[in-house]
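Undergrad:
Protein chains: 2
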Amino acid sequence: MKKKVTLKQIARELDVSVSTVSRALADSKEIGENTRRRIQAFAKFLNYKPNNIALSLKNKKTKTIGVLIPEIVHHFFSTVIRGIEIVANERGYNVIVGLSNESFSKEVLNMEMLANGSIDGFILSISKETLLKQDYHHFNETISQGIPIVMFDRVVNEVECDKVIVDDFKGSVKAVKKLVDNGCKHIGLITTMDYVSVGRLRTQGYLRALEESQVYAEPNLILKLDDMVSLEENLDILESEIEHLFKRNPKIDGVFAVNELYAVTAMKVAKKLGYAIPDDLQVIGFTDGVLSKHASPSLTIVSQHGQKIGEKAADLLIDRLEMDDDESDANINENTREEAFETYVIETEIIERESTK
Amino acid sequence: MKKKVTLKQIARELDVSVSTVSRALADSKEIGENTRRRIQAFAKFLNYKPNNIALSLKNKKTKTIGVLIPEIVHHFFSTVIRGIEIVANERGYNVIVGLSNESFSKEVLNMEMLANGSIDGFILSISKETLLKQDYHHFNETISQGIPIVMFDRVVNEVECDKVIVDDFKGSVKAVKKLVDNGCKHIGLITTMDYVSVGRLRTQGYLRALEESQVYAEPNLILKLDDMVSLEENLDILESEIEHLFKRNPKIDGVFAVNELYAVTAMKVAKKLGYAIPDDLQVIGFTDGVLSKHASPSLTIVSQHGQKIGEKAADLLIDRLEMDDDESDANINENTREEAFETYVIETEIIERESTK
DNA sequence: TATCAATACGGAAACGTTTGCGTTAAAAAT
DNA sequence: ATTTTTAACGCAAACGTTTCCGTATTGATA
Chain A
1 MKKKVTLKQI ARELDVSVST VSRALADSKE IGENTRRRIQ AFAKFLNYKP
51 NNIALSLKNK KTKTIGVLIP EIVHHFFSTV IRGIEIVANE RGYNVIVGLS
101 NESFSKEVLN MEMLANGSID GFILSISKET LLKQDYHHFN ETISQGIPIV
151 MFDRVVNEVE CDKVIVDDFK GSVKAVKKLV DNGCKHIGLI TTMDYVSVGR
201 LRTQGYLRAL EESQVYAEPN LILKLDDMVS LEENLDILES EIEHLFKRNP
251 KIDGVFAVNE LYAVTAMKVA KKLGYAIPDD LQVIGFTDGV LSKHASPSLT
301 IVSQHGQKIG EKAADLLIDR LEMDDDESDA NINENTREEA FETYVIETEI
351 IERESTK
Chain B
1001 MKKKVTLKQI ARELDVSVST VSRALADSKE IGENTRRRIQ AFAKFLNYKP
1051 NNIALSLKNK KTKTIGVLIP EIVHHFFSTV IRGIEIVANE RGYNVIVGLS
1101 NESFSKEVLN MEMLANGSID GFILSISKET LLKQDYHHFN ETISQGIPIV
1151 MFDRVVNEVE CDKVIVDDFK GSVKAVKKLV DNGCKHIGLI TTMDYVSVGR
1201 LRTQGYLRAL EESQVYAEPN LILKLDDMVS LEENLDILES EIEHLFKRNP
1251 KIDGVFAVNE LYAVTAMKVA KKLGYAIPDD LQVIGFTDGV LSKHASPSLT
1301 IVSQHGQKIG EKAADLLIDR LEMDDDESDA NINENTREEA FETYVIETEI
1351 IERESTK
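The listed protein sequences correspond, in order, to chains A and B.
Using the numbering used here, the first residue of the first sequence is number 1, and each one after it goes up by one.
Using the numbering used here, the first residue of the second sequence is number 1001, and each one after it goes up by one.
As structure tokens, this is what we get:
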């Protein structure tokens, strides 16, 4: 087991000082041609690679970004991570992930863990429990320690930072208007409780679309599900809720669902109840998942472009990290600084498949 | 922006030395009761947290494990990561992920990047390109640098390390035997090229099951797909290949597929061709994904238990990391050491759903 | 009263880098 | 021949910790 080679070892072997080795490897003109070549050759021979940890300590930056998400076994989040990873790698950064598992305390713990030097900045999506408690102190404390944050998807006004969101509102409007245009008169909505901002926004989009299309929004057509109880596990509960929605609205001819599971389950229930899709009933889901593509009929969706979200978030964060560098020497007016937080909106796109006409 | 507080600052404020502060915070009896309390109180007041990077440099361990996988937008891999993350967090470790994107060079780059001090050990699954090239030098070099590796799922004999695999062979035997027991006489196999070890093992399991059941293995019933061309994108190619399989085997009454996509696509094609599932044709897939649960009919699967794999891998790695600690003082016989590499097998389980009788 | 042990703390090295500054010797300029 | 410049390198500090070792003060023992 050959241990990692350090500057000191090279210096000792070649009978020069550590600083000479360091400079030689940086190809500094301060070191004589001969010594420089000799050191470089020897270093290459030993396969020397500088120790990242020592560099981090010295430079006070880790070239690592922390990603904090509620759940990783979830198509949307994993596409976001992929996006983050791609640009992070391109720009020389590593990615360290933490899962909050939708829990407030795990979110806080994970942040504290990583904030103590392990990472230069965060990209995160807020856990449901945190949204419910509306306790955002850990975000603000992190920021005030000089660690920038970029939030995506589940964001919140109370925290001042860059944000990347999808146009939940507009996307939903588009989707519901499409259903209207396709002839739907009684469009059901399957959504989550309002404390999840994306659920709320999508619900508002649904209402706005109906309003603009001058279609009466029947309260009975709206099904609000509490996502807290793990519906993934209790599919039957979900199914019976949806079945109830159909039964109390016999004339229903369109469904807009705010996520993939709701949408495909709606199709499943509808088929069981004898609806023909898309002839009797058209369905659109807000998602980007794999279920919709392989469902039968395949599901028309409002695509969220998770990977783009991740890429944009990573670019925003790294831009800010590297901007902070420059700012330290160019002594910039304290006021003109931190103000410029962007909220970047990733456009949604309707991908038409078999569940709509 | 209040910067991070260090021992030095506390020391200066309280007019003691850095070493005293350090000891006081460790609650060392060497420091007088009074000073100790005073320092601890002040540190708590300032919300002092030790700098991880400095600790890493000093202790020569990062408490971070590197996870290298081919792809993250993949249900199996994300469940494995979840498993890793759970036990890593429990045991005080962080997880840093790298994606090889099935590419050899990205795998090598990522390893080198992380091996220079960023992590204490690796958990990884080999990329397809690496398996094809059969070039494993980067793994062996990493190990010989004293950085332990745990491989999961896609493993290889040429590298000596702990491994966590699923019993691909036995699982496949079980699945195919189940089809036989259910009355299938002509069981198709949809699999990948042999260089992916899991594909090969599952193919062997299929053959063995037929052999033991004294069913003739018709070569025509085996469809080997080259996974290199991104089939996810070209669903139509996949579909036509499968359709061809059905058409040249009109008497086919069972299908065993080595992954989820193949299985659900087979069902889709079969339905299109007029097969009733499970009456005319029974299907079993080797997977753990979300498609199978929501397909219609829902798919009977051989479950891989990705999360368990991740948990076991993390435990193995951390065990070895912390074992290495002790070994350094107890000067153990060089020979008796590294030998004890485990290959841990996670049992598969057949989850019966609607695609089988 | 002189010696000793214990108590309570400070100094400094070490982990592996980078970098400002100082030093030496030779070459160039006066 | 003396001074100045320049090339080529070494020393040491710094990043934030921990820990070994040293030391001053106190109280107890001989």
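The beta-carbon is built from N, C-alpha and C at its ideal position, and this holds for glycine as well.
Could you tell me whether the Cβ atoms of B/Val1269 and B/Glu1239 are closer together than 7 Å?
TA: yes
Undergrad: For B/Val1344, which of helix, strand or coil comes out of DSSP?
TA: According to the sequence displayed, residue 1344 of chain B carries Tyr and not Val. Residue state, collapsed to three classes: strand.
Undergrad: Using a Cβ-Cβ distance cut-off of 7 Å, determine whether A/Arg401 contacts chain B.
TA: Lying before the first or after the last residue shown, residue 401 of chain A is absent from chain A, which here runs from 1 to 357.
Undergrad: Return the CA-CA distance between A/Val345 and A/Asp167, expressed in angstroms with no decimal places.
TA: 6 Å
Undergrad: Which word fits A/Ile187, buried or exposed, when buried means at least 16 other C-beta atoms lie within 10 angstroms of its C-beta?
TA: Buried: at least 16 other Cβ atoms inside 10 Å.
Undergrad: Hey, how far is the Cα of A/Val255 from the Cα of A/Phe139?
TA: 37 Å
Undergrad: Tell me the residue span of the alpha helix (DSSP H) that contains B/Asp1162.
TA: From DSSP, B/Asp1162 is part of no alpha helix (DSSP H) but of the beta strand (DSSP E) over 1162-1166.
Undergrad: Counting contacts by CB-CB distance shorter than 7 Å, is A/Gly121 in contact with chain B?
TA: No, its Cβ sits nowhere closer than 7 Å to a Cβ of chain B.
Undergrad: Mind pulling the chain A residues with CB within less than 8 Å of B/Gly1183?
TA: Result: empty, since nearest Cβ-Cβ is about 26 Å, beyond 8 Å.
Undergrad: Any beta carbon of chain A sitting closer than 7 Å to that of B/Lys1008?
TA: With 7 Å as the cut-off, B/Lys1008 does not count as an interface residue toward chain A.
Undergrad: Given a cut-off of 7 Å, decide if B/Gly1121 and B/Pro1148 are closer than it, judged by their beta-carbon atoms.
TA: yes
Undergrad: Helix, strand or coil: which one does DSSP assign to B/Lys1008?
TA: helix
Undergrad: Check B/Ile1084 in the structure and name its three-state DSSP category.
TA: Three-state result, B/Ile1084: helix.
Undergrad: If we count the other Cβ atoms within 10 Å of its Cβ and call it buried at 16 or more, is B/Lys1002 buried or exposed?
TA: exposed
Undergrad: Going by the beta-carbon positions, is the gap between A/Arg36 and A/Ala24 smaller than 7 Å?
TA: Remark: C-beta atoms of A/Arg36 and A/Ala24 approach each other more closely than 7 Å.
Undergrad: Starting from A/Glu85, find everything on chain B with Cβ-Cβ shorter than 8 Å and list it in chain order.
TA: Ile1072, Val1097, Gly1098, Leu1099
Undergrad: What does a CB cutoff of less than 8 Å around B/Asn1335 pick up in its chain, not counting 5 residues either side in sequence?
TA: Annotation note: pLDDT 45 at B/Asn1335 (below 50); position unreliable, no value reported.
Undergrad: Pull up the distance between the alpha-carbon of A/Met126 and that of A/Glu158, whole angstroms please.
TA: Note that residue 126 of chain A is Ile in the sequence shown here, rather than Met. If you take the alpha carbons of A/Ile126 and A/Glu158, they lie about 12 Å apart.
Undergrad: If you follow the alpha helix (DSSP H) that B/Thr1130 is in, where does it begin and where does it stop?
TA: 1128-1133
Undergrad: Do B/Leu1225 and B/Ala1217 have their C-beta atoms closer together than 7 Å?
TA: no
Undergrad: Using a Cβ-Cβ distance under 7 Å, would A/Thr79 count as near chain B?
TA: yes
Undergrad: Can you list the beta strand (DSSP E) stretches of 3 or more residues lying completely in the region 1286-1328 of chain B, in chain order?
TA: DSSP runs (the beta strand (DSSP E)) wholly in the region 1286-1328 of chain B: 1300-1303.
Undergrad: Return the CA-CA distance between A/Tyr136 and B/Phe1286, expressed in angstroms with no decimal places.
TA: 43 Å
Undergrad: Just tell me which of B/Thr1191, B/Lys1044, B/Ser1017, B/Leu1131 has its CA closest to the CA of B/Gly1005.
TA: As written in the sequence, residue 1005 of chain B is Val, which differs from the Gly given in the question. Residue B/Lys1044 is the option with its Cα nearest to B/Val1005.
Undergrad: Using CA atoms only, rank isn't needed, just tell me which of B/Ala1295, B/Glu1342, B/Leu1291 is closest to B/Phe1076.
TA: B/Leu1291
Undergrad: Can you pull the DSSP bridge partners for A/Leu225?
TA: A/Thr192
Undergrad: Tell me the residue span of the alpha helix (DSSP H) that contains B/Ile1065.
TA: No alpha helix (DSSP H) holds B/Ile1065; the beta strand (DSSP E) holding it covers 1064-1069.
Undergrad: Can you find a C-beta in chain A that's less than 7 Å from the C-beta of B/Asn1034?
TA: no
Undergrad: In the DSSP assignment, what residue or residues form a beta bridge with B/Gly1254?
TA: B/Ile1187, B/Gln1282
Undergrad: Below 6 Å CB to CB, which residues in the same chain sit around B/Glu1209 once its five sequence neighbours on both sides are set aside?
TA: Here residue 1209 of chain B is Ala; the residue named in the question, Glu, does not match the sequence. For B/Ala1209, where only same-chain residues beyond five positions count, the Cβ hits under 6 Å are Val1173, Val1176, Lys1177.
Undergrad: Can you confirm whether the region 50-60 of chain A touches the region 1055-1066 of chain B when touching is taken to mean that 3 or more C-beta pairs between the two stretches lie within less than 8 Å?
TA: By the Cβ test, the region 1055-1066 of chain B is in contact with the region 50-60 of chain A, since at least three Cβ pairs between them sit closer than 8 Å.
Undergrad: Applying the 10 Å Cβ sphere with the 16-neighbour rule, what's the burial state of B/Ala1295?
TA: Buried: at least 16 other Cβ atoms inside 10 Å.
Undergrad: If we ignore side chains and look at the alpha-carbon of each, how far apart do B/Glu1352 and B/Thr1300 end up?
TA: 5 Å
Undergrad: Leaving aside the five residues before and after A/Ala340 along the sequence, list all residues of the same chain whose C-beta is less than 6 Å from its C-beta, in chain order.
TA: Excluding sequence positions up to five before and after A/Ala340, its CB lies less than 6 Å from no other CB in the same chain.
Undergrad: Would A/Leu179 and A/Gln282 be called neighbours here (beta carbons separated by less than 7 Å)?
TA: yes
Undergrad: Nearest by alpha-carbon distance to A/Glu85: which of B/Asn1101, B/Thr1079, B/Ile1081, B/Tyr1093 is it?
TA: For the residues B/Asn1101, B/Thr1079, B/Ile1081, B/Tyr1093, the minimum Cα distance to A/Glu85 belongs to B/Asn1101.
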